[in-house]
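**Student:** One structure coming up, written as structure tokens, with questions to follow.
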Amino acid sequence: MNVDSILSAVGGIKEATSSMTEGRIVWVSVAILVCLFMVQRFGTDRVGYTFAPIICVWFTMIGGIGIYNFFKFDPAVIKAVNPAYIIQYFQRNKKDAWISLGGVVLAITGTEALFADVGHFTVLSIQISMCFMTYPALILAYTGQASFLRKHNHLVSDTFYSSIPHPLYWPMFVIAVMAAIIASQAMISGTFSIVQQSLSLGCFPRVKIVHTSTKYEGQVYIPEVNYLLMIACVGVTIGFRTVGKIGNAYGIAVVFVMTLTSAFLVLIMIMIWKSSMLFIIAYVLIIGSVELLYLSSVLYKFDQGGYLPLAFALVLMTVMYVWNSVYRRKYYYELDHKISPEKLKEIAVNTNFYRIPGLAMFYSELVQGIPPIFKQYIDNVPALHSVLVFVSIKSLPISKVPVEERFLFRRVEPREFNVFRCVARYGYTDVRNDHEPFEAMLVEKLKEFIRDDCSFSRMALTNGDGMENERGNDENESARQVDHEMHSEEAMEGEIEAVDKALRAGIVHLIGEHEVIAAEGANIGKRIMIDYAYNFFKKNLRQTDKIFAIPHKRMLKVGMTYEL
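Quick note on the numbering used here: the sequence shown kicks off at 38 and runs consecutively.
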């Protein structure tokens with residue numbers, strides 16, 4: 038997050054009063070950060086509408102002040118567009134010029150937030166705002182500051198506030214603080230979007246996702262991540278205290294992001310775009326060499342705060358690796374120990390099992406087959422609901438799944454057992470919320486499936502009997518077909534009535550309470566990962582029932598131990 042932006046903005050008050058010490062600046066910045074994270078629960082939509090006019094004023098004012106300084110101090114700085122000057126700069130300063138690139142890169146930081154914000158706004162809106170507002174305003178602002186420094190080269194450390202005309206100082210101070218808050222808001226929103234997508238792909242521990250806008254997709258709020266970010270930002274602000282160290286950390290993070298993005302873009306060029314090899318080589322040589330040059334420069338200040346983003350990245354990668362690794366092992370365990378159709382038929386014909394009224398939804402990761410925890414349930418509770426639906430909620434690597442295509446059903450034989458499989462599919466920008474009642478949608482789609490299944494069976498029989506009638510020309514076949522259609526219609530109505538009756542009796546949610554432990558003979562690394570790391574995350578983060586917002590009065594947990 039732009040902690041350095043907030044510190045820089047608040048630090049500008051030193052120009053007006055000498056009583057504003059470094060310690061007071063830090064605590065004012067901490068107070069602003071806490072307030073910023075507290076308003077996240079109201080949603081990106083409302084926060085964005087509140088701050089949008091301020092951003093327009095900010096860019097207009099820095100652009101205008103830049104023009105003023107440009108003409109007042111030294112318009113000759115326009116000659117800096119000549120690339121010969123940068124060559125001469127490196128010839129004169131050599132190593133110092135290379136080190137200074139780490140500070141130069143901070144002039145372009147913040148643009149990486151645009152890519153995270155694509156989930157909140159359209160690509161076209163970002164392109165228009167960048168090309169016609171942000172970029173021109175920044176170029177004018179930096180040009181004006183360069184002109185100012187030509188006459189006041191001793192004010193390099195406080196160029197921004199020193200270059201502001203005196204009558205505009207306090208308005209610019211207020212707007213600068215607000216603009217820093219908005220820049221931080223963009224990073225927070227981007228973090229929420231990335232965590233949501235990682236969660237959808239099974240690469241992040243379960244957290245609660247709150248959809249904050251019914252109009253715009255991708256605008257989410259994650260309470261756990263919000264408070265962890267707040268603690269981290271406050272800790273960094275108090276620990277580092279100065280803009281210099283935070284700037285070093287931020288520079289390394291930004292340049293690493295750019296370098297990795299370029300590396301992945303090369304893969305896209307090769308595998309998806311099928312670009313010309315000459316074009317790919319030219320891209321790597323030109324763009325890659327520039328980014329590696331900047332990366333080497335920012336890494337020079339690794340011990341001066343630059344280690345912070347790498348430490349955060351290491352912790353985050355460890356969490357994601359542990360969760361995803363055990364998640365996949367647990368899924369393969371269920372796949373290897375699923376209940377066979379023959380075993381289910383034995384249960385169906387077993388007279389010791391009672392059928393009780395009601396509809397039971399049994400949540401499982403498996404898309405096909407019956408999960409092993411179902412056997413654990415029937416071994417302890419010799420009763421089954423009149424309608425049973427095994428529900429698998431899956432995330433697809435696409436942005437959005439249409440509601441009409443969200444549920445896929447399949448019947449589990451025998452037919453009279455009234456057991457179905459359901460796969461509920463969500464895209465990574467789809468969020469389950471109160472505006473889409475999951476139970477009602479599932480039951481309605483289940484009825485549609487029963488009707489469609491009956492119609493398909495009747496159509497298949499009609500086509501088959503039609504061919505036989507053409508060959509044998511037997512009038513009795515037509516009579517049998519009519520009888521079968523009537524029987525099929527009655528069976529369909531009976532099944533739908535059974536579902537309605539079960540719905541009136543009540544819905545029960547059956548959730549597996551898995552205890553995951555390392556199998557006997559596992560090595561020490563595997564034991565630490567499963568027995569300690571994974572179980573620590575599992576116990577301290579949200580459980581399945583909280584994620585799916587299942588009412589406790591209609592929830593039943595079934596325990597089972599998985600030895601992975």
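Think of the CB as a built atom: it goes at the ideal place given N, C-alpha and C, for glycine as much as any other residue.
(1) Count the other CB atoms, across all protein chains shown, that sit within 10 Å of the CB of residue 409; report buried if there are 16 or more and exposed otherwise.
(2) With DSSP as the reference, identify every bridge partner of residue 446, one or two as the case may be.
(3) Excluding five sequence neighbours on each side, which residues of the same chain lie with their C-beta closer than 8 Å to the C-beta of residue 508?
(4) Mind reading off the beta-carbon distance from residue 482 to residue 446? Whole number of angstroms is fine, and I expect it under 8 Å.
(5) What distance in whole Å lies between the Cβ atoms of residue 283 and residue 44, which are believed to be in contact at a cut-off of 8 Å?
(6) Residue 242: buried (16+ other C-beta within 10 angstroms of its C-beta) or exposed?
(7) For the beta strand (DSSP E) holding residue 210, just list the boundary residues, first then last.
(8) When the distance is taken between beta carbons, is residue 440 closer than 9 Å to residue 478?
(9) Between which two residues does the alpha helix (DSSP H) containing residue 330 stretch?
(10) By how many angstroms is the C-alpha of residue 327 removed from the C-alpha of residue 303?
(11) Please report the distance separating the alpha-carbon of residue 534 from that of residue 412.
(12) If you check the beta carbons only, do residue 228 and residue 192 fall under 9 Å apart?
(13) Can you give me the start and stop residues for the alpha helix (DSSP H) that residue 180 sits inside?
(14) By Cβ distance, which residues of its chain are closer than 6 Å to residue 596, with the 5 residues on each side in sequence left out?
(15) Between 474, 277, 222, 309, which lies nearest to residue 29 when the distance is taken from Cα to Cα?
(16) Whose C-alpha, out of 353, 331, 299, 367, is nearest the C-alpha of residue 556?
(17) Would you report the Cα separation of residue 564 and residue 365, rounded to the nearest angstrom?
(18) Can you tell me whether residue 371 is buried or exposed, with buried defined as 16 or more other CB within 10 angstroms of its CB?
(19) Give the DSSP bridge partners of residue 393, in chain order.
(20) Helix, strand or coil for residue 549 per DSSP?
(21) Are the beta-carbon atoms belonging to residue 359 and residue 570 less than 9 Å from one another?
(22) Determine the direct distance from the alpha carbon of residue 70 to that of residue 204, and round the result to whole angstroms.
(23) Are the segment 214 to 226 and the segment 104 to 124 touching, with three or more C-beta to C-beta distances below 8 Å?
(24) When DSSP labels each residue in this structure, what does residue 100 get in the three-state scheme?
(25) Given this structure, state the Cα-to-Cα distance separating residue 532 from residue 407, to the nearest angstrom.
(26) I'd like to know if the segment 178 to 195 and the segment 105 to 119 are in contact, where contact means that at least 3 CB-CB pairs between them fall below 8 Å.
(27) Alpha carbon to alpha carbon, how far is residue 275 from residue 268?
(28) Less than 9 Å between the C-beta atoms of residue 114 and residue 180, yes or no?
(29) In terms of residue numbering, what span does the beta strand (DSSP E) encompassing residue 354 cover?
(30) Below 9 Å between beta carbons: does that hold for residue 420 and residue 392?
(31) Please report the straight-line C-alpha distance between residue 458 and residue 378, rounded to a whole angstrom.
(32) Below 8 Å on the Cβ atoms is my guess for residue 553 versus residue 572; work out the distance and round it to an integer in Å.
(33) Under the rule that 16 or more other beta-carbon atoms within 10 Å means buried, what is residue 373, buried or exposed?
(34) I'd like the list of long-range same chain contacts for residue 400, defined as Cβ closer than 6 Å, with 5 residues on each side in sequence excluded.
(35) Apart from the five residues just before and just after residue 330, which ones in its own chain have a Cβ nearer than 6 Å to its Cβ?
(36) Identify which residue in 312, 96, 316, 279 has its Cα closest to the Cα of residue 64.
**Tutor:** Taking the definition as stated:
(1) Position 372 of the sequence shown, counted from the first residue, corresponds to residue 409. Looking at its Cβ environment, which holds 16 or more other Cβ atoms inside 10 Å, residue 409 is buried.
(2) For the purposes of this step, residue 446 is taken as the residue at position 409 of the sequence shown. Partner(s): 459.
(3) Your numbering for residue 508 matches position 471 in the sequence shown. In this prediction, residue 508 has a pLDDT of 49, which is less than 50 and means its spatial position is unreliable; what the coordinates show is noted afterwards. If you ignore the 5 residues before and after residue 508, its C-beta comes within less than 8 Å of no other C-beta in its own chain.
(4) Looking up residue 482 in the sequence shown gives position 445. Looking up residue 446 in the sequence shown gives position 409. Indeed, because the Cβ distance is near 7 Å, the residues count as touching under 8 Å.
(5) Translated into the one-based positions of the sequence shown, residue 44 becomes position 7. Translated into the one-based positions of the sequence shown, residue 283 becomes position 246. About 7 Å separates the beta carbons of residue 44 and residue 283, which is inside the 8 Å limit, making them a contact pair.
(6) Counted from its first residue, the sequence shown places residue 242 at position 205. Residue 242 should be labelled buried.
(7) Your numbering for residue 210 matches position 173 in the sequence shown. Counting along the chain, no beta strand (DSSP E) covers residue 210; the unbroken alpha helix (DSSP H) around it starts and ends at 206 to 237.
(8) As a position in the sequence shown, residue 478 is number 441, starting the count at 1. As a position in the sequence shown, residue 440 is number 403, starting the count at 1. Taking 9 Å as the Cβ cut-off, residue 478 and residue 440 qualify as a contacting pair.
(9) Sequence index remark: in the sequence shown, residue 330 carries index 293 (1-based). From DSSP, the alpha helix (DSSP H) with residue 330 extends over 326 to 336.
(10) Counting from 1 along the sequence shown, the entry for residue 303 is found at position 266. Counting from 1 along the sequence shown, the entry for residue 327 is found at position 290. Cα-Cα distance, rounded: 15 Å.
(11) By 1-based counting over the sequence shown, the position of residue 534 is 497. By 1-based counting over the sequence shown, the position of residue 412 is 375. Taking C-alpha positions only, residue 534 is separated from residue 412 by approximately 28 Å.
(12) Mapped onto the sequence shown, residue 228 falls at position 191. Mapped onto the sequence shown, residue 192 falls at position 155. Taking a C-beta distance under 9 Å as the contact criterion, residue 228 and residue 192 do not qualify as a contact pair.
(13) Taking the sequence shown and counting its residues from 1, one reaches residue 180 at position 143. Residues 172 to 188.
(14) The residue labelled residue 596 in the question sits at position 559 within the sequence shown. Excluding residues within five positions, the ones whose Cβ falls inside 6 Å are 550.
(15) Absent from the structure is residue 29, since the part of the chain shown begins at 38 and ends at 601.
(16) What you label residue 556 is simply residue 519 of the sequence shown in a count that begins at 1. The shortest Cα separation from residue 556 among 353, 331, 299, 367 belongs to 367.
(17) If you number the sequence shown from 1, residue 564 lands on position 527. If you number the sequence shown from 1, residue 365 lands on position 328. Distance between the alpha carbons of residue 564 and residue 365 is about 16 Å.
(18) Here residue 371 refers to the residue found at position 334 of the sequence shown. Under this definition residue 371 is a buried residue.
(19) Counting from 1 along the sequence shown, the entry for residue 393 is found at position 356. In the DSSP output, where bridge partners are listed per residue, residue 393 has 422.
(20) Start at 1 with the first residue of the sequence shown, and residue 549 comes out as number 512. Look at residue 549 here: in three-state DSSP terms it is strand.
(21) One-based indexing of the sequence shown puts residue 359 at position 322. One-based indexing of the sequence shown puts residue 570 at position 533. In contact: residue 359 and residue 570 (Cβ atoms closer than 9 Å).
(22) Within the sequence shown, residue 204 is the residue found at index 167, counting from 1. Within the sequence shown, residue 70 is the residue found at index 33, counting from 1. Roughly 28 Å separates the two Cα atoms.
(23) Touching, no.
(24) For the purposes of this step, residue 100 is taken as the residue at position 63 of the sequence shown. DSSP places residue 100 in the helix class (H, G or I) of the three-state scheme.
(25) For this step, residue 532 is matched to residue 495 along the sequence shown. For this step, residue 407 is matched to residue 370 along the sequence shown. If I take the Cα positions, the gap works out to 21 Å.
(26) Touching, yes, given that three or more Cβ pairs across the two stretches are closer than 8 Å.
(27) Along the sequence shown, one-based indexing puts residue 275 at 238. Along the sequence shown, one-based indexing puts residue 268 at 231. Cα to Cα, the separation comes out at about 11 Å.
(28) Taking the first residue of the sequence shown as position 1, residue 114 is located at position 77. Taking the first residue of the sequence shown as position 1, residue 180 is located at position 143. Taking 9 Å as the cut-off, the Cβ atoms of residue 114 and residue 180 count as close.
(29) Against the sequence shown, residue 354 aligns to sequence position 317. Boundaries for residue 354: no beta strand (DSSP E) harbours it, while the alpha helix (DSSP H) harbouring it runs 344 to 373, taken from the DSSP string.
(30) Sequence index remark: in the sequence shown, residue 420 carries index 383 (1-based). Sequence index remark: in the sequence shown, residue 392 carries index 355 (1-based). Taking 9 Å as the Cβ cut-off, residue 420 and residue 392 qualify as a contacting pair.
(31) The residue you call residue 458 lines up with position 421 of the sequence shown. The residue you call residue 378 lines up with position 341 of the sequence shown. Taking the straight line from one Cα to the other gives about 13 Å.
(32) Here residue 553 refers to the residue found at position 516 of the sequence shown. Here residue 572 refers to the residue found at position 535 of the sequence shown. For residue 553 against residue 572, the beta-carbon gap comes to about 7 Å, under 8 Å, which counts as contact.
(33) Numbered from its first residue, the sequence shown carries residue 373 at position 336. Exposed.
(34) Numbered from 1 along the sequence shown, position 363 holds the residue referred to as residue 400. The residues are 428, 548.
(35) Residue mapping note: residue 330 aligns to position 293 of the sequence shown, counting from 1. Nothing listed; no residue qualifies.
(36) Walking along the sequence shown from the start, residue 64 turns up at place 27. If we check each option's Cα against that of residue 64, 279 comes out closest.
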